[in-house]
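Working notes, structure below.
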Amino acid sequence: MIEFHVTYASKDEAAEIAREAVEMRLAACVNLLGEVRSIYRWENAVEDESEILAVFKTSQEKAGELADFLEVSHPYDTPAIIRHGNVSANADYARWIEEETKIA
Numbered sequence: 009m010i011e012f013h014v015t016y017a018s019k020d021e022a023a024e025i026a027r028e029a030v031e032m033r034l035a036a037c038v039n040l041l042g043e044v045r046s047i048y049r050w051e052n053a054v055e056d057e058s059e060i061l062a063v064f065k066t067s068q069e070k071a072g073e074l075a076d077f078l079e080v081s082h083p084y085d086t087p088a089i090i091r092h093g094n095v096s097a098n099a100d101y102a103r104w105i106e107e108e109t110k111i112a
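Residue numbering for the sequence shown follows the numbering used here, starting at 9 and increasing by one per position.
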């Protein structure tokens, strides 16, 4: 199982992209963890913003396609798309992830 952690400006924006990824079977599940506080440097200024953290769960097979989709669909100029490879999960859940990302 592979996870991608991605931040978005709003709940609606995150939910729209999450739903599309699941409908396309690029992700089996997306958790919208709610508001996080992000502090970062951008264009020579320190920014302090609220963002929504989304956790996309997918199979090894679909990880590349999901990464491409997240990059293209994200509205930020430089989105944070963090990939966590080979994440452990219980066997039934891992099997479910594999099944839900296969072509129906």
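Note that beta-carbon positions come from the ideal geometry of N, C-alpha and C, so glycine has one too.
Here's the rule: buried if 16 or more other CB atoms are within 10 angstroms of the residue's CB, otherwise exposed. What is residue i?
| i | result |
| --- | --- |
| residue 105 | buried |
| residue 86 | exposed |
| residue 11 | buried |
| residue 41 | exposed |
| residue 90 | exposed |
Can you list, in chain order, the residues of its chain with a C-beta nearer than 8 angstroms to that of residue i? Leave out the 5 residues immediately preceding and following it.
| i | result |
| --- | --- |
| residue 55 | 46, 47, 48 and 49 |
Short check: CB of residue i to CB of residue j, under 9 angstroms?
| i | j | result |
| --- | --- | --- |
| residue 37 | residue 107 | no |
| residue 31 | residue 81 | no |
| residue 26 | residue 64 | yes |
For the putative contact between residue i and residue j, defined by C-beta atoms under 8 angstroms, what is the C-beta separation to the nearest angstrom?
| i | j | result |
| --- | --- | --- |
| residue 62 | residue 14 | 5 angstroms |
| residue 43 | residue 58 | 5 angstroms |
Short of 6 angstroms in beta carbon distance, which residues of its chain neighbour residue i, apart from the five on each side in sequence? Order them along the chain.
| i | result |
| --- | --- |
| residue 73 | 34 |
| residue 71 | 10 |
Taking contact to mean at least 3 C-beta pairs separated by less than 8 angstroms, is the region 90 to 99 in contact with the region 17 to 25? Short answer: they don't touch.
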